[in-house]
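K.L.:
Below are the structure tokens for one structure; questions will follow.
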Amino acid sequence: MQRQPRQRKRPQKWLYPLSVEREYEKLLLKLCSDMQDEIEQRLPLLRDIRQDGLDDIPAGSGWFEKLRQWLLSVAGSLTASKEAATTAMKLLLRQVDRFNRRQFHAVIRSVYGVEIFTHEPWLLELLGEFEADNIRLIQSIPAQYLETLHGRIVAKIRNGGNHRDLVALIRDSYHLPKSRARLIARDQTGKLNGQLTRYRQQQIGVDEYVWRGVLDNRERKHHIEREGKKFNWNSSPAGGHPGMDFQCRCYAEAVFPDLEDLKGVVYEHPLRPSAG
Numbered sequence: 497m498q499r500q501p502r503q504r505k506r507p508q509k510w511l512y513p514l515s516v517e518r519e520y521e522k523l524l525l526k527l528c529s530d531m532q533d534e535i536e537q538r539l540p541l542l543r544d545i546r547q548d549g550l551d552d553i554p555a556g557s558g559w560f561e562k563l564r565q566w567l568l569s570v571a572g573s574l575t576a577s578k579e580a581a582t583t584a585m586k587l588l589l590r591q592v593d594r595f596n597r598r599q600f601h602a603v604i605r606s607v608y609g610v611e612i613f614t615h616e617p618w619l620l621e622l623l624g625e626f627e628a629d630n631i632r633l634i635q636s637i638p639a640q641y642l643e644t645l646h647g648r649i650v651a652k653i654r655n656g657g658n659h660r661d662l663v664a665l666i667r668d669s670y671h672l673p674k675s676r677a678r679l680i681a682r683d684q685t686g687k688l689n690g691q692l693t694r695y696r697q698q699q700i701g702v703d704e705y706v707w708r709g710v711l712d713n714r715e716r717k718h719h720i721e722r723e724g725k726k727f728n729w730n731s732s733p734a735g736g737h738p739g740m741d742f743q744c745r746c747y748a749e750a751v752f753p754d755l756e757d758l759k760g761v762v763y764e765h766p767l768r769p770s771a772g
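Residues in the sequence shown are numbered consecutively from 497, following the numbering used here.
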């Protein structure tokens with residue numbers, strides 16, 4: 497008797513690594529906190545930075561140069577903090593990979609009731625690219641903030657601001673790097689998770705997916721409009737596949753082929769009931 501093709505079940509939801517995102521946010525906020533502490537320690541030094549005249553900006557000794565040196569001292573004090581954040585970031589990217597791999601196997605089991613094993617020659621290169629991007633982003637958190645702070649302090653001094661004004665201005669700006677840290681953690685976690693999902697689906701023969709979103713008031717209108725629609729992995733919609741747009745929380749529900757058409761080594765546990 498000819499064996500009938502196994503019936504596929506609808507896949508379970510491909511979950512998002514929220515706990516890893518929160519850990520990434522936590523380590524980036526620690527970098528922001530360290531920077532804030534270093535600035536607080538140096539606030540008394542700003543008493544010497546004031547404009548005594550319109551022409552008081554000599555290249556090597558005026559208030560402008562003193563401010564530049566003050567900011568450089570803050571930046572230089574963060575080397576260890578940035579290195580610690582970078583080391584932790586690399587571990588967290590691998591946690592995203594492990595989480596995504598577990599989701600991949602859980603979804604496969606929910607559809608077919610089997611395990612599938614594949615070789616992933618693309619993985620190290622993908623993680624390496626994300627490491628490089630995130631090292632740059634970590635470095636940019638203090639760099640961009642201190643550049644912004646420099647401009648604001650210069651403007652305040654030129655408008656006659658005193659030491660008390662400068663302290664208030666600086667303390668009112670502490671939220672800026674923290675907001676950016678949260679955005680980076682959310683965006684990069686989602687992007688890596690989305691890329692891993694794409695690679696793992698395509699390598700087993702999945703060509704299409706159904707767009708799935710969170711469907712809350714934060715979701716983009718055009719992403720809501722894509723809900724339940726099919727897309728091809730080889731034809732990117734505007735803004736990219738799920739997870740690729742800035743802070744996108746959507747995911748790709750795979751349109752799975754028949755079990756017989758899967759690419760990879762299929763293993764069916766003898767004691768586990770099948771999905772068919």
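Glycine included, C-beta positions come from ideal geometry on N, C-alpha and C. Since this is a predicted model, take the numbers as computed values, not measurements.
(1) Note down the Cα distance separating F699 from L688, rounded to an integer number of angstroms.
(2) Can you tell me where the alpha helix (DSSP H) holding N689 begins and where it ends?
(3) Among A651, L692, A677, K726, which residue has its Cα nearest to the Cα of Q591?
(4) I'd like the list of long-range same chain contacts for D741, defined as Cβ closer than 6 Å, with 5 residues on each side in sequence excluded.
(5) Within the continuous beta strand (DSSP E) that includes R708, where are the two ends?
(6) Pick helix, strand or coil for V762, following the three-state DSSP scheme.
(7) With distances taken Cα to Cα, identify the nearest neighbour of D668 among T685, I680, L679, Y641.
(8) What is the DSSP secondary structure of F727, counted as helix, strand or coil?
(9) How many angstroms separate the CA atom of R504 from the CA atom of F752?
(10) Which residue comes first and which comes last in the beta strand (DSSP E) that contains Y747?
(11) Do you know how far the Cα of K652 is from the Cα of K522?
P.N.:
Looking at the coordinates:
(1) Correcting the residue identity first, residue 699 is Gln in this sequence and not Phe. Each residue's Cα considered, the two are about 17 Å apart.
(2) Residues 671-699.
(3) Residue L692 holds the alpha-carbon nearest to the alpha-carbon of Q591 among A651, L692, A677, K726.
(4) Listed in chain order, the non-local C-beta contacts of D741 below 6 Å within the same chain comprise G735, local neighbours out to five positions each way being set aside.
(5) Per DSSP, R708 belongs to the beta strand (DSSP E) from 704-708.
(6) Note: V762 maps to strand in three-state DSSP.
(7) Considering only alpha carbons, the answer is Y641.
(8) Of the three classes helix, strand and coil, the one that applies to F727 here is strand, per DSSP.
(9) Between R504 and F752, the C-alpha separation is close to 8 Å.
(10) Looking at the DSSP string, the run of the beta strand (DSSP E) that includes Y747 is 747-750.
(11) If you take the alpha carbons of K522 and K652, they lie about 32 Å apart.
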